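A short write-up of the structure that comes next.
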Amino acid sequence: MQTRAKTKTLAELGLTARQGRDVRVTGLSVDSREVREGHLFFALPGTRVHGAEYIRYAVRMKAGAVLTDREGAAIAADVLSESDVPVVIAEEPRETLAFTASLWFEAQPEVMVAVTGTNGKTSVATFTRQLWVEMGAEAVNIGTTGIEGALTAPLQHTTPEPITLHKALARLADEGVTHAAMEASSHGLAQCRLDGVRLAAAGFTNLSQDHLDYHADFEDYFAAKAGLFDRVLPEDGTAVVNIDDPWGPR
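Spelled out as structure tokens, the structure:
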């Protein structure tokens, strides 16, 4: 994986390893197959397999440090005890990944907004980008249709995982894009993929029966959507909410 900076210390990324060890890392990876020498490997809990199962391979690939949760540290206890690789334990590893990616890549378009809801995300993000373009801004929308606008690129997910997302945002900023409108999926919000994105505003369209194969129930689905406002949008950010939808006033 290409990195925007050659190295950063764990401390510069806001991280503290066990025993306070600080090292320089050369990149970030969530997939052990992409680990290169010096990378910080994120061993995250999964729906079927914990990423800690792959710490042994990441260490073999000369990872510079490992970040996981307490469960992951227990799973890989033998491997970690045999290695001198620094280990960071995070209570919320997915959230930590997102903020670490933000600090690693640093740059983002100056004006970032995000929209969530069951239906209408792509339309709202696209219309927002088109309005900005009419105002003379270098703008893109990011989501189901990939990255569209001043620059175009395909994406595998509506809301990309944090390393992919922040790498893309940094590239957009470097290429002169100043405005970006993102779709925020419930999956992406539940997995903290947007944490670390510096939002100026967030929007809510509507909520209806969908994605209950992923969420435990409708309340869980709503809670994931609400996370855009409760957790990601800063206190001084602007919230645009469709209060004609029954879930809007909540």
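Read in order, the letters of the sequence shown are residues 88 to 337 in this note's numbering. In this text, a Cβ means the ideal position worked out from N, Cα and C, and glycines have one as well. If you're wondering where the values come from, they're calculated on a predicted model, not measured in any experiment.
Using a threshold of 7 angstroms, is the CB atom of residue i nearer than that to any non-hydrogen atom of the ligand SAH?
{"i": "V174", "result": "By its list of ligands, the structure shown contains no ligand whatsoever, and the ligand SAH lies outside what it can speak to."}
Return the first residue and the last residue of the beta strand (DSSP E) that residue i is part of.
{"i": "A152", "result": "152 to 155"}
{"i": "G290", "result": "288 to 291"}
{"i": "I142", "result": "From DSSP, I142 is part of no beta strand (DSSP E) but of the alpha helix (DSSP H) over 142 to 147."}
{"i": "V110", "result": "That residue, V110, is in no beta strand (DSSP E); it is neither H nor E in DSSP."}
Going by beta-carbon coordinates alone, are residue i and residue j separated by less than 8 angstroms?
{"i": "F309", "j": "A289", "result": "no"}
{"i": "A150", "j": "V175", "result": "no"}
{"i": "A130", "j": "L97", "result": "no"}
{"i": "A267", "j": "M222", "result": "no"}
{"i": "H137", "j": "E121", "result": "no"}
{"i": "S170", "j": "M148", "result": "no"}
{"i": "G324", "j": "A271", "result": "no"}
{"i": "E178", "j": "D156", "result": "yes"}
{"i": "G125", "j": "T134", "result": "no"}
{"i": "A311", "j": "T265", "result": "no"}
{"i": "F192", "j": "K254", "result": "yes"}
{"i": "A188", "j": "I250", "result": "yes"}
{"i": "D261", "j": "A194", "result": "yes"}
{"i": "L320", "j": "A326", "result": "yes"}
Relative to the C-alpha of residue i, which residue among the options is closest?
{"i": "H274", "options": "T205, W219, T215", "result": "T205"}
{"i": "V166", "options": "R143, K312, L294, R181", "result": "R143"}
{"i": "T231", "options": "A240, E197, H137", "result": "A240"}
{"i": "T203", "options": "E322, V117, A98, L281", "result": "L281"}
{"i": "S116", "options": "R135, D156, L184", "result": "L184"}
{"i": "F128", "options": "T134, E140, A268", "result": "E140"}
{"i": "V284", "options": "S295, F291, E248, E262", "result": "E248"}
{"i": "L276", "options": "G101, A237, H244", "result": "H244"}
{"i": "L256", "options": "L190, T325, P173", "result": "L190"}
{"i": "D331", "options": "T292, A194, L320", "result": "T292"}
{"i": "A259", "options": "L242, T246, A237", "result": "Here residue 259 is Leu; the residue named in the question, Ala, does not match the sequence. When each option's Cα is compared against that of L259, the closest is A237."}
Any idea which residues DSSP pairs residue i with across the strands?
{"i": "G233", "result": "G230"}
{"i": "R123", "result": "Beta-bridge pairing links R123 to no other residue."}
{"i": "S116", "result": "F128"}
Tell me which residue opens and which closes the alpha helix (DSSP H) that residue i is part of.
{"i": "A201", "result": "It is not in any alpha helix (DSSP H) - A201 instead sits in the beta strand (DSSP E) that spans 198 to 203."}
{"i": "A326", "result": "Here A326 belongs to no alpha helix (DSSP H); instead the beta strand (DSSP E) covers 325 to 328."}
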